[in-house]
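Add 131 to a position in the sequence shown, counting from 1, and you land on the number used in my numbering.
Glycine residues also receive a C-beta, built at the ideal position from the N, C-alpha and C atoms.
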Amino acid sequence: YGAGSLGTVLGAYITKNGGQVDLINRNKAHVEILNTKGAKIIGTVDMTVPVKAITPAEMEGKYDVIVLLTKQLHNKEVVTMLKDYLTEDGVIVTLQNGIPEPGIAEIIGEEHTMGCTVEWGAALVSPGVCELTSEPDSLSFHMGKMKGITDEQFNTVKEILELMCPVHEE
Numbered sequence: 132y133g134a135g136s137l138g139t140v141l142g143a144y145i146t147k148n149g150g151q152v153d154l155i156n157r158n159k160a161h162v163e164i165l166n167t168k169g170a171k172i173i174g175t176v177d178m179t180v181p182v183k184a185i186t187p188a189e190m191e192g193k194y195d196v197i198v199l200l201t202k203q204l205h206n207k208e209v210v211t212m213l214k215d216y217l218t219e220d221g222v223i224v225t226l227q228n229g230i231p232e233p234g235i236a237e238i239i240g241e242e243h244t245m246g247c248t249v250e251w252g253a254a255l256v257s258p259g260v261c262e263l264t265s266e267p268d269s270l271s272f273h274m275g276k277m278k279g280i281t282d283e284q285f286n287t288v289k290e291i292l293e294l295m296c297p298v299h300e301e
């Protein structure tokens, strides 16, 4: 959720490597280009990957994992809305700057909250086009969990993120 630069790159890698993901972004032009031309990733790689993108208004059903990539400033509003889209044991994994997990846990509970540090960079160049600014062999995540997160939930998220790059456990 919030598939701008980082989310588009992550979604492209997940999809390319066999995962299934919805890239959710409120920018209709970005969503349209992603659906018609695919996610074009330039910079330290050059690939175009067909992806599925939707706007928040098009969300339906429930998700086991929601990766949150919006600005923390909007967490209360966004997470409150997203909690209705989580499965009973679903999790929101924040890839945001800072330490947003305690605030997210206040809304959805610690048993639904995970944090992850992104150790790579990207920039949104234009709708549907993102630049990966880190070398492919240096990409990684560091991931932790709040009290109440099960090993099954943790491993599910780890497997998804590993479709892009290594995940180090905290």
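Whole-angstrom distance between residue 284 and residue 260, CA atom to CA atom: Within the sequence shown, the letter at position 129 stands for residue 260. Within the sequence shown, the letter at position 153 stands for residue 284. Within the model, the alpha-carbon separation for residue 260 versus residue 284 is close to 31 Å.
If I'm right that residue 142 touches residue 182 with Cβ under 8 Å, what's the distance once you round it to whole angstroms? Start at 1 with the first residue of the sequence shown, and residue 142 comes out as number 11. Start at 1 with the first residue of the sequence shown, and residue 182 comes out as number 51. Confirmed, about 6 Å.
Please look up how many angstroms separate the CB atoms of residue 156 and residue 134, rounded, as I've assumed it's under 8 Å. Indexing the sequence shown from 1 puts residue 156 at position 25. Indexing the sequence shown from 1 puts residue 134 at position 3. Sure, about 5 Å apart at Cβ, within 8 Å.
6 Å Cβ shell around residue 147 - same chain, five flanking residues per side excluded: The residue you call residue 147 lines up with position 16 of the sequence shown. If you ignore the 5 residues before and after residue 147, its C-beta comes within less than 6 Å of the C-beta of 180, all in its own chain and listed in chain order.
Tell me the rounded alpha-carbon separation between residue 213 and residue 296. Sequence index remark: in the sequence shown, residue 213 carries index 82 (1-based). Sequence index remark: in the sequence shown, residue 296 carries index 165 (1-based). Going by C-alpha positions, residue 213 is about 26 Å away from residue 296.
Do you know whose CA, among 200, 211 and 290, lies nearest residue 249's CA? On the sequence shown, residue 249 is found 118 positions in, with the first residue counted as 1. Out of 200, 211 and 290, 200 has the C-alpha closest to the C-alpha of residue 249.
Label residue 229 either buried or exposed according to how many other C-beta atoms from any shown protein chain fall within 10 Å of its C-beta, with 16 as the threshold for buried. The count along the sequence shown starts at 1 and reaches residue 229 at position 98. Residue environment analysis places residue 229 among the exposed positions, since fewer than 16 neighbouring C-beta atoms fall within 10 angstroms of its C-beta.
Where residue 245 falls: helix, strand or coil (DSSP): Position 114 of the sequence shown, counted from the start, is the residue given in the question as residue 245. It is a strand residue.
Looking at the strands, I want to know which residues DSSP matches up with residue 194. Residue 194 sits at position 63 when you count from the first residue of the sequence shown. In DSSP, residue 194 forms a bridge with 217.
Going residue by residue through the stretch 154-195, where are the continuous beta strand (DSSP E) segments of at least 3 residues, counting only ones entirely within it? Taking only runs of at least 3 residues, the beta strand (DSSP E) segments lying wholly in the stretch 154-195 are 170-174, 178-180 and 183-185.
For residue 260: DSSP bridge partner residues: For this step, residue 260 is matched to residue 129 along the sequence shown. Within the DSSP secondary-structure output, residue 260 pairs in a beta bridge with 171 and 257.
Please return the same chain residues whose Cβ sits closer than 7 Å to the Cβ of residue 267, not counting the five positions on each side in sequence. The sequence position of residue 267 within the sequence shown is 136, counting from 1. Take residue 267, set aside five residues on each side of it, and the residues of its chain with a beta-carbon closer than 7 Å to its own are 175 and 176, in chain order.
Tell me the rounded alpha-carbon separation between residue 107 and residue 139. Lying outside 132 to 301, the shown extent of the chain, residue 107 is not represented and no answer is given.
So, at 6 Å on beta carbons, what are the nonlocal neighbours of residue 298 in its own chain, with the 5 sequence-adjacent residues on each side left out? As a position in the sequence shown, residue 298 is number 167, starting the count at 1. Cβ within range, chain order: 272, 274, 289 and 292.
Residues in the same chain with beta-carbon distance under 6 Å from residue 132, minus the five sequence neighbours each way, listed in chain order, please. Counting from 1 along the sequence shown, the entry for residue 132 is found at position 1. The answer, listed in chain order, is 155, 197 and 199.
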